[in-house]
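Chain order of the listed sequences is S and W. 0 is the number of the first residue of the first sequence in numbering that gives the first Met the number 0; add one for each residue after it. 0 is the number of the first residue of the second sequence in numbering that gives the first Met the number 0; add one for each residue after it. In this text, a Cβ means the ideal position worked out from N, Cα and C, and glycines have one as well.
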Amino acid sequence: MPLSAYLTLAALVFAIGLFGVLTRRNAVGILLGIELMLNAVNINLVAFARFRPDLGGLIFTLFTIAITVAEVAVGLAIVIVIFRVRRTIEADHLDLLRG
Amino acid sequence: MTSEILGFWVAAVVLVAASLAVVLTPNLFHAVLWLAAALVATGGVFLLLDSPFLFAVQLLLYAGGVVTIVVFAIMLTERLVGESIRQTSRFVFNGAVLAVAVFVGIASFLLQAPAVARPLTTGDQLRDLGRALVGAFAAPLQLLGVLLVIALLGALYFARAED
Numbered sequence: 000m001p002l003s004a005y006l007t008l009a010a011l012v013f014a015i016g017l018f019g020v021l022t023r024r025n026a027v028g029i030l031l032g033i034e035l036m037l038n039a040v041n042i043n044l045v046a047f048a049r050f051r052p053d054l055g056g057l058i059f060t061l062f063t064i065a066i067t068v069a070e071v072a073v074g075l076a077i078v079i080v081i082f083r084v085r086r087t088i089e090a091d092h093l094d095l096l097r098g
Numbered sequence: 000m001t002s003e004i005l006g007f008w009v010a011a012v013v014l015v016a017a018s019l020a021v022v023l024t025p026n027l028f029h030a031v032l033w034l035a036a037a038l039v040a041t042g043g044v045f046l047l048l049d050s051p052f053l054f055a056v057q058l059l060l061y062a063g064g065v066v067t068i069v070v071f072a073i074m075l076t077e078r079l080v081g082e083s084i085r086q087t088s089r090f091v092f093n094g095a096v097l098a099v100a101v102f103v104g105i106a107s108f109l110l111q112a113p114a115v116a117r118p119l120t121t122g123d124q125l126r127d128l129g130r131a132l133v134g135a136f137a138a139p140l141q142l143l144g145v146l147l148v149i150a151l152l153g154a155l156y157f158a159r160a161e162d
């Protein structure tokens with residue numbers, strides 16, 4: 000398959016993830032959408048690393064995977080704390096900081 | 000060559016279908032399971048791109064670790080409230096318009112790109128990867144370790160029991 004096939008697939012997954020982030024009310028659902036978007040970026044990085052023989056793309060993918068795991072851990076901890084305090088994880092109800 | 004094309008289409012169909020299910024299914028728990036399917040399909044794409052090591056990392060960290068953490072979080076929050084979490088969507092039309100616009104923008108950009116020949120695999124990719132991680136990328140790797148420790152300590156601090 001040509002490089003553009005992989006990049007188009009990644010763009011499609013990225014757009015689907017963006018749709019999820021924009022439309023989900025639930026904070027965990029928004030996090031799942033962000034996971035999809037980061038995943039699409041990983042496909043791009045690996046595809047570029049394969050078609051342009053360069054190890055940098057694979058190293059970057061390893062780093063983004065590790066950082067995503069850290070992001071999910073902290074994000075879900077924040078969700079649990081918000082749940083304890085506000086008894087909801089609907090993003091629309093979390094407007095304490097609204098001016 | 001044909002096996003690669005077949006594999007690509009299978010992985011692509013599974014990946015897109017699972018991704019759509021993640022953002023569309025009303026049950027949050029099912030959405031996480033679909034996310035696991037999407038992550039495994041992404042690992043299949045990595046395999047097609049001759050990166051078996053990244054496939055293993057994807058299965059271990061993403062499909063294993065991330066999905067487990069999210070399932071735990073959902074179960075904890077469900078227990079706190081005592082009702083199963085249904086999630087509804089808002090701004091579906093606007094979100095769809097924006098997502099399609101982003102995809103069309105990227106795709107039109109991709110169509111202008113010149114075709115690149117796929118080079119043959121050379122050497123042992125895993126050995127080069129290991130050498131690079133302790134050579135040119137040694138400092139970022141150490142920083143990554145520090146970041147992981149900080150993130151896990153922060154998550155523990157946030158989620159600790161009130162007393």
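Restricting attention to alpha helix (DSSP H) runs no shorter than 4 residues, the segment 26-75 of chain S encloses them at 26-50, ordered along the chain. Residues of the segment 9-28 of chain S with a C-beta atom less than 9 Å from some C-beta of chain W are A9, A10, L11, V12, F13, A14, I15, G16, L17, F18, G19, V20, L21, T22, R23, R24, N25, V27, G28, listed in chain order.
With its beta carbon at least 7 Å from every one in chain W, T63 of chain S lies outside the interface. Residue environment analysis places L155 of chain W among the exposed positions, since fewer than 16 neighbouring C-beta atoms fall within 10 angstroms of its C-beta. Taking CB atoms only, S50 of chain W has a neighbour in chain S less than 7 Å away.
Annotated as proximal: L35 of chain S and V12 of chain S, with beta-carbon spacing under 7 Å. Contact annotation: the segment 110-130 of chain W touches the segment 39-57 of chain S, with at least three C-beta pairs closer than 8 Å. If you draw a straight line from the Cα of I68 of chain W to the Cα of A138 of chain W, it is about 28 Å long. In the structure shown, R117 of chain W falls within a coil segment according to DSSP collapsed to helix, strand and coil. Residue contact with chain S for L75 of chain W: present (Cβ-Cβ distance below 7 Å to some residue of chain S). As DSSP reads the structure, E89 of chain S sits in a beta bridge with S:N25. Each residue's CA atom was taken as its position, placing L93 of chain S and L32 of chain W some 26 Å apart.
Residue contact with chain S for F92 of chain W: absent (no Cβ-Cβ distance below 7 Å to any residue of chain S). Not a single CB atom of chain W sits nearer than 7 Å to the CB of F47 of chain S.
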